[in-house]
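Asker: In our numbering, the protein residues as written are 21 to 253. Just dropping this structure here.
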């Protein structure tokens, strides 16, 4: 049987990280599973596939799904070509700065599951950088052997326009560089520009639209007062 747990609000949390972190607080289960809401070919394996490694391997604390990512072009669905931010932004940076994670098939996948005892000890970023931030932090805290991968076959979802992917890449790069700073004790982001100028077109006119893009880092749940009060009730 399944029980629905509605996320509990925790003061100071918002956006993506708030939803993920409040999911840790909801219910008393020692496992937490997240799934994206825009998947068009939803199937049970997307859930039980990620729980399996956590149930069968005591050393695994965090499991991520990987899959083929079709992309829609015109009226056709091409079997390959999805995951553009992963292949053009995340994977090159991972290989440069966090080579231990270079074997991750889908490092930015939102389909993941973990043990509450591990998830409550790591911080969460507030936006597009939340997945890569979790992956790096779990690696640093528990080691590569604590991370599992599961083949979930194929994932079909709404492909975003390049402008949105560009903003996503901008945020993800900042999170990776922040963790690079902390790991190697170097200064990279101190004077870096966090505003992004997007080239826009309106009829025959081109113009720049400036947006402030950057994730905030939320503390681990174990450090949040409301969580400590409720976690073991």
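Note that beta-carbon positions come from the ideal geometry of N, C-alpha and C, so glycine has one too.
Buried or exposed: which applies to residue 106, given that a residue is buried once 16 or more other Cβ atoms fall within 10 Å of its Cβ?
Answerer: By the beta-carbon neighbour count (other beta carbons within 10 angstroms, threshold 16), residue 106 is buried.
Asker: Within a Cβ cutoff of 7 Å, which residues of the same chain sit near residue 234, ignoring the five residues on either side of it in sequence?
Answerer: 191, 194 and 214
Asker: How many Å lie between residue 62 and residue 82 at the Cα?
Answerer: 21 Å
Asker: With burial defined as no fewer than 16 other Cβ atoms inside 10 Å of the residue's Cβ, what is the status of residue 122: buried or exposed?
Answerer: exposed
Asker: If we count the other Cβ atoms within 10 Å of its Cβ and call it buried at 16 or more, is residue 142 buried or exposed?
Answerer: buried
Asker: If you follow the beta strand (DSSP E) that residue 85 is part of, which residue opens it and which one closes it?
Answerer: 82-88
Asker: Tell me the DSSP bridge mates of residue 144?
Answerer: Its beta-bridge partners are 238.
Asker: Take residue 212 as the anchor and find which of 225, 232, 204 and 227 has the nearest alpha-carbon.
Answerer: 232
Asker: How many whole angstroms separate the CB atoms of residue 153 and residue 162, which I take to be in contact at a CB cut-off of 8 Å?
Answerer: With a Cβ gap of about 15 Å, residue 153 and residue 162 do not count as contacting.
Asker: Is it buried or exposed, residue 217, if we count other Cβ atoms within 10 angstroms and call 16 or more buried?
Answerer: exposed
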